[in-house]
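Engineer: Residue numbers (the numbering used here), protein chains in the order written: chain A, 40 to 310; chain B, 571 to 974.
Beta carbons are placed, not taken as given, at the ideal position from N, Cα and C, and that holds for glycine.
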Amino acid sequence: MNRIDQRFTDLKHQGRKALIPFITAGDPAPDHTVGFMHALVEAGADIIELGVPFSDPMADGPVIQKACERALKHGTCLSHLFTMVEEFRQSDTTTPVVLMGYLNPVERLGYQAFADQAASAGVDGVLTVDMPPEEADEFGPILKARGLASIFLVAPTTSNERAATICAHGEGYLYYVSLKGVTGSASLNADDVASHLAPLREMTGLPLCVGFGIRDGATAAEVAKVADGVIVGSALINQIAENVDTPEIIPGLLKAVLGEMRHSMDALNRN
Amino acid sequence: MTKFSDLTRMPDARGHFGPYGGRFVSETLSFALDELEKIYLDLRDDPAFQAEFDHDMAYYVGRPSPLYHAKRWSRELGGAQIWLKREDLNHTGAHKVNNTIGQALLAKKSGKPRVIAETGAGQHGVATATVAARLGLECEVYMGAADVERQKLNVYRMHLLGAKVIPVESGTRTLKDAMNEALRDWVTNVDNTFYIIGTVAGPHPYPMLVRDFNAVVGREARRQSLEQIGRLPDALIACVGGGSNALGLFYPFVEDDDVAMYGVEAGGDGVETGRHAAPLSSNAPRGVLHGNRTYLMSDEAGQVSDTHSISAGLDYPGVGPEHALWKDVGRVKYVTANDREVLEAFRELTHMEGIMPALESAHALAYAKVLAPTMRPDQHIVVNLSGRGDKDIMTVAKLDGVEF
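Here it is in structure tokens:
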């Protein structure tokens, strides 16, 4: 079983919700990324989304744009990411890792080469922000053949008809984008999220994870009430951005931010 | 001889031009693109919509634009006769207005009160601000901070027209970054905002509809050639950044196998230096940016390259997907003109014909200087003079060491 499916199966048995941090690989420099990944797991991460830096991150707000710029200053590219995941896997063989990014770096490397290298490095899933299922006819089967999950986005603007198509193609989990906007936007509305997740539940057995606009333990817990997982990116990357000159303190800060979310989400079970 | 009759049947239902084009966007925009496609396909063949477009073209833009025989310059070059399709005489001074009029009509039908645009040289921004003023729509234009600096005149024109110009400081601070930021705005304000894309790039249906609105240029040029020359021209030349003026001129001629077509990309300091904006002629790899697959200048890791051109309007690492297909099938020959040759052509046309071209259009003229002498005086070339040079006077003056 793919590590992602295994993880959601385990969480279901435990009655817990997935906490999914996102960081941009290579930010503030490539040497730090694996250490950050381990710190996130220690603080309660169930799955890690590792951002592939891109020169033109069209769906991202300023926080992740700047993270990409910092990573690209060091030339961080897909081959570095594969090395990072390989290194991470030396001591963590169970936490799923999802690569999230834009299509062009993947196209440049080639779908086949990408899938081969990602799978052998220990990657479990791939989310390509600018590749909807309609354009994934070629890429999807190549990923599947290597046991890599194709993860897709669903937005508040997605029609039920499209959502059905996305559910049919999606694997691992569905990433529900909580609001119309770029990453790092204003806070989400939990009631609104709940009303959008309900019809998706009817369509698919895939876990529904929610990202965009999750800032702290309180919003994470709100979302965890209605979703199977909570994705957090900009709130973590802010910690990196504010401490680029003292990277040694970043793991502790990431653990504090993520730990608070873990605590608030798990507290739901005890109530 | 190759038959190109399939080319007018592009794109397919999903917006693909062969392997190019498509709709590579984040999910939030999918519904807006579906909606736009539906509005456009419903209206495209509606005679009332066509009549409204034609009326605006005639009475607001001032079409048809003349096809002008540049006799003195042709004699000087000593070869083929050069005819200029005078898009510079349109209202707002470039072909860009053809498309913004069309998209503004779509915006009106969509009922959205706000329009946004990206702009490089500012011509598309000005054309968008113009139609927005006329229709009473709120208008914000994204423009790379580097372009704001080199196109101050157009920035002020947009300001006078009531539009807000937002300088984009990210990335290379040029057209591609302006487009990133416009897409970010659209994804955030998609409920009340219509995005008027200025070139034949972007996600489907933009490359198709921008082409269709600009094809008025080629339809007129074809008719005018028959009237004034007595036959079709032997060659067409247009500059290519995103490629909207070139597609507009070429598209109605695409099945005329005897008409040769030349797309002139920005050679910058010279393609061999790497400092250029010529993805087609430099054989850039295929890639995906701004919603479509095309030839895209990028490094080995897939990061989009910095580009260079004297003209802000051509300073873009990609190119419309239909051009990518036309390169592959050999329908159009893509060549370059470098900054030095462009300035020379700019000065030459100004001196010899009293017409000051935009630096973008001067790329097409620079290639006419190469091509015409290889042809006979009884042969004819139509060059798309896509815009006027007023906006570039400061750039040229600076090179001349003149300060105001």
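Tell me the residue span of the alpha helix (DSSP H) that contains residue 258(A).
Structural biologist: Sequence index remark: in the first sequence, residue 258(A) carries index 219 (1-based). Start and end: 256 to 265.
Engineer: Could you give the residue range of the alpha helix (DSSP H) that holds residue 833(B)?
Structural biologist: Taking the second sequence and counting its residues from 1, the one referred to as residue 833(B) is at position 263. Careful: residue 833(B) lies outside any alpha helix (DSSP H), inside the beta strand (DSSP E) at 830 to 840.
Engineer: List the residues of chain A that residue 961(B) touches, going by C-beta distances under 9 Å, in chain order.
Structural biologist: Residue 961(B) sits at position 391 when you count from the first residue of the second sequence. Result: empty, since nearest Cβ-Cβ is about 26 Å, beyond 9 Å.
Engineer: Residue 201(A) by DSSP, collapsed to three states: which one?
Structural biologist: Numbered from its first residue, the first sequence carries residue 201(A) at position 162. Note: residue 201(A) maps to helix in three-state DSSP.
Engineer: Relative to the C-alpha of residue 271(A), which candidate in 256(A), 115(A), 231(A) has its C-alpha closest?
Structural biologist: By one-based count along the first sequence, residue 271(A) stands at place 232. Cα-wise, what sits closest to residue 271(A) is 256(A).
Engineer: List the DSSP bridge partners of residue 756(B).
Structural biologist: Position 186 of the second sequence, counted from the start, is the residue given in the question as residue 756(B). Paired residue(s): none; residue 756(B) is not in a bridge.
Engineer: By the three-class DSSP mapping on this structure, what secondary structure does residue 594(B) have?
Structural biologist: By one-based count along the second sequence, residue 594(B) stands at place 24. Correct three-state label for residue 594(B): coil.
Engineer: Residue 688(B): which of 656(B), 967(B), 733(B), 797(B) sits nearest, CA to CA?
Structural biologist: To locate residue 688(B), count along the second sequence from 1; it is residue 118. Residue 733(B) is the option with its Cα nearest to residue 688(B).
Engineer: In chain order, which continuous runs of the alpha helix (DSSP H) of length 4 or greater are located wholly inside the stretch 682 to 764 of chain B?
Structural biologist: You should have 693 to 705, 715 to 720, 722 to 730, 745 to 758.
Engineer: Can you name the residues that DSSP bridges to residue 864(B)?
Structural biologist: Taking the first residue of the second sequence as position 1, residue 864(B) is located at position 294. According to DSSP, residue 864(B) bridges with 857(B).
Engineer: Taking the beta strand (DSSP E) that residue 629(B) falls in, what are its first and last residues?
Structural biologist: On the second sequence, position 59 is the one that residue 629(B) refers to. It is not in any beta strand (DSSP E) - residue 629(B) carries neither H nor E in the DSSP assignment.
Engineer: Could you name each continuous alpha helix (DSSP H) segment of 4 residues or more that falls completely within the stretch 761 to 785 of chain B, going from the start of the chain to the end?
Structural biologist: The qualifying runs are 776 to 784.
Engineer: Pairing CB atoms from the stretch 929 to 942 of chain B with CB atoms from the stretch 646 to 660 of chain B, are three or more of them under 8 Å?
Structural biologist: Taking 8 Å as the limit for Cβ pairs, the verdict is that the stretch 646 to 660 of chain B does touch the stretch 929 to 942 of chain B.
Engineer: Inspect the beta-carbon positions of residue 692(B) and residue 882(B) and report whether they are closer than 9 Å.
Structural biologist: Counting from one through the second sequence, the residue named residue 692(B) turns up at place 122. Counting from one through the second sequence, the residue named residue 882(B) turns up at place 312. Cβ atoms of residue 692(B) and residue 882(B): closer than 9 Å.
Engineer: What in chain A is Cβ-close to residue 598(B), meaning under 7 Å?
Structural biologist: Within the second sequence, numbered from 1, the residue matching residue 598(B) stands at position 28. In chain order: 194, 196, 216, 219.
Engineer: The ligand SAM and residue 59(A): does any heavy atom of the ligand fall closer than 8 Å to the residue's C-beta?
Structural biologist: Summarising the ligand content, the structure contains no ligands, and the ligand SAM is consequently not present.
Engineer: If you count every other CB in all the chains shown that lies within 10 Å of the CB of residue 56(A), and 16 or more means buried, which is it?
Structural biologist: Counted from its first residue, the first sequence places residue 56(A) at position 17. Looking at its Cβ environment, which holds 16 or more other Cβ atoms inside 10 Å, residue 56(A) is buried.
Engineer: Is there at least one Cβ from chain B nearer than 9 Å to residue 147(A)'s Cβ?
Structural biologist: As a working note, residue 147(A) is residue 108 in the first sequence. Chain B, which has a Cβ nearer than 9 Å to the Cβ of residue 147(A), makes this yes.
Engineer: For residue 117(A), which of 131(A), 102(A), 142(A) has the nearest alpha-carbon?
Structural biologist: To locate residue 117(A), count along the first sequence from 1; it is residue 78. Selected option, being the one with the closest Cα: 142(A).
Engineer: CA-CA distance, residue 631(B) and residue 262(A)?
Structural biologist: Residue 631(B) sits at position 61 when you count from the first residue of the second sequence. Residue 262(A) sits at position 223 when you count from the first residue of the first sequence. Between residue 631(B) and residue 262(A), the C-alpha separation is close to 53 Å.
Engineer: At the level of alpha carbons, what is the spacing between residue 789(B) and residue 221(A)?
Structural biologist: Along the second sequence, one-based indexing puts residue 789(B) at 219. Along the first sequence, one-based indexing puts residue 221(A) at 182. Their Cα atoms are separated by approximately 41 Å.
Engineer: Could you have a look at residue 852(B) and say whether DSSP puts it in helix, strand or coil?
Structural biologist: Walking along the second sequence from the start, residue 852(B) turns up at place 282. The answer is coil: DSSP assigns residue 852(B) none of H, G, I, E or B.
Engineer: Put residue 41(A) into one of helix, strand or coil per three-state DSSP.
Structural biologist: To locate residue 41(A), count along the first sequence from 1; it is residue 2. Note: residue 41(A) maps to coil in three-state DSSP.
Engineer: Measuring CA to CA, which of 290(A), 64(A), 93(A) is closest to residue 136(A)?
Structural biologist: Taking the first residue of the first sequence as 1, we reach residue 136(A) at position 97. Measuring from the Cα of residue 136(A), the nearest candidate turns out to be 64(A).
Engineer: Rounded to a whole number of angstroms, what is the C-alpha to C-alpha distance between residue 887(B) and residue 849(B)?
Structural biologist: Translated into the one-based positions of the second sequence, residue 887(B) becomes position 317. Translated into the one-based positions of the second sequence, residue 849(B) becomes position 279. C-alpha separation (whole angstroms): 6 Å.
Engineer: For residue 889(B) and residue 130(A), I'd like the C-alpha separation in whole angstroms.
Structural biologist: In the second sequence, the residue the question calls residue 889(B) occupies position 319. In the first sequence, the residue the question calls residue 130(A) occupies position 91. Approximately 46 Å between the Cα atoms of the pair.
Engineer: Please identify the residue among 770(B), 627(B), 702(B), 718(B) whose C-alpha is closest to the C-alpha of residue 965(B).
Structural biologist: As a position in the second sequence, residue 965(B) is number 395, starting the count at 1. Of the candidates 770(B), 627(B), 702(B), 718(B), the one whose C-alpha sits nearest the C-alpha of residue 965(B) is 718(B).
Engineer: To be precise: take each residue of the stretch 725 to 759 of chain B, compare its Cβ to all Cβ atoms of chain A, and keep it if any distance is under 7 Å. Which residues remain?
Structural biologist: If the cut-off is 7 Å between Cβ atoms, the stretch 725 to 759 of chain B has 740, 741, 746, 750, 753, 754, 757, 758 near chain A.
Engineer: Would you call residue 900(B) buried or exposed, if buried means 16 or more other Cβ atoms sit within 10 Å of its Cβ?
Structural biologist: Numbered from 1 along the second sequence, position 330 holds the residue referred to as residue 900(B). By the 10 Å Cβ count, residue 900(B) comes out exposed.
Engineer: Assuming residue 1038(B) contacts residue 784(B) (C-beta within less than 8 Å), just tell me the rounded distance between them.
Structural biologist: The structure shown does not extend to residue 1038(B), since chain B spans only 571 to 974, so no value can be given for it.
Engineer: Residue 593(B) and residue 585(B) - do their beta-carbons sit closer together than 9 Å?
Structural biologist: In the second sequence, residue 585(B) corresponds to position 15, counting from 1. In the second sequence, residue 593(B) corresponds to position 23, counting from 1. For residue 585(B) and residue 593(B), yes; Cβs fall inside 9 Å.
Engineer: So, helix, strand or coil for residue 153(A), using DSSP?
Structural biologist: On the first sequence, residue 153(A) is found 114 positions in, with the first residue counted as 1. It is helical.
Engineer: Go ahead and label residue 267(A) buried or exposed: buried means 16 or more other beta carbons lie within 10 angstroms of its beta carbon, across all protein chains shown.
Structural biologist: The residue labelled residue 267(A) in the question sits at position 228 within the first sequence. That one is buried.
Engineer: Under 9 Å between beta-carbons, which chain A residues line up against residue 592(B)? List them in chain order, please.
Structural biologist: Here residue 592(B) corresponds to residue number 22 of the second sequence, with the count starting at 1. Simply 173, 174.
Engineer: Which of the three DSSP states is assigned to residue 102(A) in this structure?
Structural biologist: Residue numbering aside, residue 102(A) sits at position 63 when the first sequence is read from its first letter. Correct three-state label for residue 102(A): helix.
Engineer: What do you reckon, are the CB atoms on residue 860(B) and residue 772(B) nearer than 9 Å?
Structural biologist: Here residue 860(B) corresponds to residue number 290 of the second sequence, with the count starting at 1. Here residue 772(B) corresponds to residue number 202 of the second sequence, with the count starting at 1. It is a contact, given that the beta carbons lie within the stated cut-off.
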